[in-house]
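Report on one structure; see the data block that follows.
Numbering (the numbering used here), first residue to last: 9 to 155.
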């Protein structure tokens, strides 16, 4: 079990966050501040939440219900880290791509895959994205407009 999962059990189900805390250098407060600033700048965190959480710890982020926004910010930041070569297994890819879809919500699924860094294994990402899209289509509830 990784040290991050022992130290921060609240993030073990968040691939981006747990990977960020394994790879990024700095203390918890600094790493949370970087994530809060990123989430705030990208619009994934409201201004009041940003102001509150930019000087917080992970436990405060969890209590505020913002782990998803911070996970998304971590995915975005990890994509910028040259030493991070991408998710390794299918579960990690699923978590990554769910957040990547939100990061690049203005793009088609093919464009989202094209936006992955070149150092990532695109051949592993493509079937996971296809499965993710299939699962998402099955969850869509069609609406019928009556006259």
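We treat Cβ as the ideally placed atom computed from N, Cα and C, and that holds for glycine.
Since the model is a prediction, treat every value here as computed from it, not as a measurement.
Using 8 Å for Cβ pairs, my map puts residue 39 next to residue 92. What's the rounded Cβ distance?
Taking the chain shown and counting its residues from 1, the one referred to as residue 39 is at position 31. Taking the chain shown and counting its residues from 1, the one referred to as residue 92 is at position 84. That pair is no contact at about 15 Å.
With three or more beta-carbon pairs closer than 8 Å as the criterion, would you say the region 62-76 touches the region 17-25?
The region 62-76, when compared against the region 17-25, does touch it at the 8 Å Cβ threshold.
Is it buried or exposed for residue 141, if we count other Cβ within 10 angstroms and need 16 for buried?
What you label residue 141 is simply residue 133 of the chain shown in a count that begins at 1. Burial call: exposed.
Curious, which full-length alpha helix (DSSP H) runs of at least 4 residues does the region 86-128 contain?
DSSP runs (the alpha helix (DSSP H)) wholly in the region 86-128: 98-111, 117-122.
Report the residue from 54, 105, 144 whose alpha carbon sits nearest the alpha carbon of residue 132.
Within the chain shown, residue 132 is the residue found at index 124, counting from 1. That would be 105, whose Cα lies nearest to the Cα of residue 132.
Spatial neighbours of residue 85 within its chain, please: CB distance less than 8 Å, with the 5 preceding and 5 following residues excluded, ordered by chain position.
Translated into positions along the chain shown, residue 85 becomes position 77. Answer for residue 85: 28, 32, 42, 43, 46, listed in chain order.
Are the CB atoms of residue 95 and residue 127 within a distance shorter than 9 Å?
Sequence index remark: in the chain shown, residue 127 carries index 119 (1-based). Sequence index remark: in the chain shown, residue 95 carries index 87 (1-based). No, these two residues do not count as a Cβ contact at 9 Å.
To the nearest angstrom, report how far apart residue 110 and residue 80 are at their CA atoms.
Here residue 110 is taken as the residue at index 102 of the chain shown, counted from 1. Here residue 80 is taken as the residue at index 72 of the chain shown, counted from 1. Residue 110 and residue 80: Cα-Cα distance of roughly 8 Å.
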